[in-house]
Amino acid sequence: MSAKDNAAVMQLFDLLESRYAMRVIWALSDGHPQTFRLLQDSVGGVTPNTLNTRIKELRAARLVDHGGQGYRLTTQGAELARRLAEVQQFAGKWSHQQARVAAGQPSPRPAGT
């Protein structure tokens with residue numbers, strides 16, 4: 723990976739590490755626009771000030787937009803949400819493996835060993 727690619731990844735990670743940023747993306751990933759109030763309820767536990775800041779950052783990054791019916795993911799935001807869904811699948815498998823290890827069961831061998 724080139725230095726430019728690394729910088730882009732780090733820039734995206736910095737944005738996603740911001741408190742509630744990934745929750746906003748996740749809440750909008752179903753494709754339905756949400757008003758500020760509905761989005762606040764969907765994200766859960768976020769103050770209006772923090773949500774407003776995250777929305778501004780995600781809009782500046784062109785991941786979220788606001789239309790007549792509310793906030794929604796842009797095409798790029800929807801692509802990111804799809805890729806985060808892959809992380810969700812991985813997390814489910816990983817969590818299951820962690821539970822097996824905690825229960826004293828052997829973890830499955832990696833493929834090809």
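The sequence shown: position 112 = 834 (the working numbering), numbered continuously.
The beta carbon of each residue, even a glycine, is placed where N, CA and C say it ideally should be.
query	result
Using DSSP with H/G/I as helix, E/B as strand and the rest coil, what is Leu795?	strand
What residue from Gly789, His754, Ala743, His788 has the CA that sits closest to Gly767's CA?	Ala743
For the alpha helix (DSSP H) containing Asp736, list its first residue and its last residue.	725–739
Is the segment 787–797 touching the segment 752–764, taking contact as three or more C-beta pairs under 8 Å?	yes
Can you list, in chain order, the residues of its chain with a C-beta nearer than 6 Å to that of His788? Leave out the 5 residues immediately preceding and following it.	none
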